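Peer 1: Counting from 1, position 35 in the sequence shown corresponds to residue 362 in my numbering; the numbering is continuous, with no gaps.
Yeah, the Cβ is synthetic: ideal placement off N, Cα and C, and Gly gets one too.
Please read these numbers as outputs of a predicted model, since none were measured by experiment.
Supplied in structure tokens, the structure appears directly below.
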Amino acid sequence: MVSNGSRAWFSRAYIDWKILSILCSGVAVSALILFLTSYTPSLIVVLIGVGLMPVLVWIPVNRLQLDASRPSHAFLAGLLSGGMTISVGVAGPTVDIFFIRTEMDRRKVIATKASIQTISHLAKIAFYWDAASNLPTVDMVAVLIAAPIAILGARAGNGILQKMTDANFRSWTRWVVTGVGAVYLTQGLLSFF
Numbered sequence: 328m329v330s331n332g333s334r335a336w337f338s339r340a341y342i343d344w345k346i347l348s349i350l351c352s353g354v355a356v357s358a359l360i361l362f363l364t365s366y367t368p369s370l371i372v373v374l375i376g377v378g379l380m381p382v383l384v385w386i387p388v389n390r391l392q393l394d395a396s397r398p399s400h401a402f403l404a405g406l407l408s409g410g411m412t413i414s415v416g417v418a419g420p421t422v423d424i425f426f427i428r429t430e431m432d433r434r435k436v437i438a439t440k441a442s443i444q445t446i447s448h449l450a451k452i453a454f455y456w457d458a459a460s461n462l463p464t465v466d467m468v469a470v471l472i473a474a475p476i477a478i479l480g481a482r483a484g485n486g487i488l489q490k491m492t493d494a495n496f497r498s499w500t501r502w503v504v505t506g507v508g509a510v511y512l513t514q515g516l517l518s519f520f
């Protein structure tokens, strides 16, 4: 959360507030649904599902065009981001598939995506407040040590982002999302067998 939050802060001038508000409405609906139900997804199924989602970035545009700049797609991205982050703590690769094919500038993509990820993580903390507020001291110390490192990493990444072209950003994002998806898929399959 600190990494996404600092990334959003460093890029705040580029946040697309219209898209972010629609994404937030999706997060709110997913939080409400999860609050009203006692559904607990299988971690194995979620890992495999998240691992397979990056396949969507390789489907030709004329077959599937998920685009966070479209209101209905932004709502769906928010719904998935909130639902997955609250229920299993992971949504990044899934949210990426909605941003990789937009016409948005790379800085807008990073700023808006980091913002919705931060909001989803805040929703998760609120959802599990009892557990979050009772972290053992050793875990709280680990968070306090990791936070400045995450901020430094976000700052360095922001510098790299400013030097990239939009085309290079989309190419790298596609491969990074695929790599992260492969890790989740492998974890899910190893847990299954």
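Of the choices Ala395, Asp432 and Lys435, whose alpha-carbon is the least far from that of Thr421?
Peer 2: Here the question's residue 421 lines up with position 94 in the sequence shown. That would be Ala395, whose Cα lies nearest to the Cα of Thr421.
Peer 1: With distances taken from CA atoms, which of Val468, Lys345 and Asp432 is nearest Phe402?
Peer 2: Taking the sequence shown and counting its residues from 1, the one referred to as residue 402 is at position 75. For Phe402, the nearest C-alpha among the options comes from Lys345.
Peer 1: Within its chain, find whatever has a CB closer than 8 Å to the CB of Ser518; leave out the 5 residues flanking it on each side and keep chain order.
Peer 2: The sequence position of residue 518 within the sequence shown is 191, counting from 1. Counting only Cβ-Cβ distances below 8 Å, and skipping sequence neighbours, we find Leu370, Ile371 and Leu374.
Peer 1: So, using beta-carbon positions, are Met328 and Thr505 closer together than 8 Å?
Peer 2: Taking the first residue of the sequence shown as position 1, residue 328 is located at position 1. Taking the first residue of the sequence shown as position 1, residue 505 is located at position 178. No, they are not a contact pair.
Peer 1: Measure the beta-carbon distance from Ala477 to Ser333 and round it to whole angstroms, keeping in mind my assumption that it falls under 8 Å.
Peer 2: In the sequence shown, residue 477 corresponds to position 150, counting from 1. In the sequence shown, residue 333 corresponds to position 6, counting from 1. Confirmed, about 7 Å.
Peer 1: Would DSSP call Phe520 helix, strand or coil?
Peer 2: Here the question's residue 520 lines up with position 193 in the sequence shown. Of the three classes helix, strand and coil, the one that applies to Phe520 here is coil, per DSSP.
Peer 1: For Ala418, which three-state DSSP category applies?
Peer 2: Here residue 418 corresponds to residue number 91 of the sequence shown, with the count starting at 1. Correct three-state label for Ala418: coil.
Peer 1: Going by beta-carbon coordinates alone, are Met411 and Gly508 separated by less than 8 Å?
Peer 2: The residue given as residue 411 occupies position 84 in the sequence shown. The residue given as residue 508 occupies position 181 in the sequence shown. Not a contact, by the Cβ cut-off of 8 Å.
Peer 1: Below 8 Å on the Cβ atoms is my guess for Ser447 versus Leu406; work out the distance and round it to an integer in Å.
Peer 2: Sequence index remark: in the sequence shown, residue 447 carries index 120 (1-based). Sequence index remark: in the sequence shown, residue 406 carries index 79 (1-based). Not a contact, Cβ separation roughly 11 Å.
Peer 1: Is it true that the CB of Ile386 sits closer than 8 Å to the CB of Thr500?
Peer 2: To locate residue 500, count along the sequence shown from 1; it is residue 173. To locate residue 386, count along the sequence shown from 1; it is residue 59. Cβ distance not < 8 Å, so Thr500 and Ile386 don't count as in contact.
Peer 1: Tell me the rounded alpha-carbon separation between Asp466 and Ala459.
Peer 2: Position 139 of the sequence shown, counting from 1, holds the residue named residue 466. Position 132 of the sequence shown, counting from 1, holds the residue named residue 459. Cα to Cα, the separation comes out at about 10 Å.
Peer 1: Hey, how far is the Cα of Ala469 from the Cα of Asn461?
Peer 2: Position 142 of the sequence shown, counted from the first residue, corresponds to residue 469. Position 134 of the sequence shown, counted from the first residue, corresponds to residue 461. Distance between the alpha carbons of Ala469 and Asn461: 14 Å.
Peer 1: Nearest-angstrom Cα distance between Lys490 and Thr367?
Peer 2: The sequence position of residue 490 within the sequence shown is 163, counting from 1. The sequence position of residue 367 within the sequence shown is 40, counting from 1. Each residue's alpha carbon lies about 42 Å from the other.
Peer 1: Should Phe362 be labelled buried (16 or more other beta-carbon atoms within 10 Å of its own) or exposed?
Peer 2: To locate residue 362, count along the sequence shown from 1; it is residue 35. Phe362 should be labelled exposed.
Peer 1: Which ranges would you report for the alpha helix (DSSP H) in the stretch 385-439 if only whole runs of at least 4 residues count?
Peer 2: For the stretch 385-439, whole alpha helix (DSSP H) runs of length 4 or above, ordered along the chain, are 398-415 and 419-426.
Peer 1: Please check the pair Phe520 and Arg433, which I expect to be a contact at CB under 8 Å, by giving their CB distance rounded to whole angstroms.
Peer 2: Residue 520 sits at position 193 when you count from the first residue of the sequence shown. Residue 433 sits at position 106 when you count from the first residue of the sequence shown. The pair is not a contact, with the Cβ atoms about 39 Å apart (cut-off 8 Å).
Peer 1: Assuming Phe342 and Thr429 are in contact, meaning their beta carbons sit under 8 Å apart, how far apart are those beta carbons, in whole angstroms?
Peer 2: Here residue 342 corresponds to residue number 15 of the sequence shown, with the count starting at 1. Here residue 429 corresponds to residue number 102 of the sequence shown, with the count starting at 1. Correcting the residue identity first, residue 342 is Ile in this sequence and not Phe. Between Thr429 and Ile342 the Cβ distance is about 14 Å, and since that is not below 8 Å, they are no contact.
Peer 1: With C-beta atoms as the reference, is Ser414 less than 8 Å away from Leu350?
Peer 2: Within the sequence shown, the letter at position 87 stands for residue 414. Within the sequence shown, the letter at position 23 stands for residue 350. It is not a contact, given that the beta carbons lie outside the stated cut-off.
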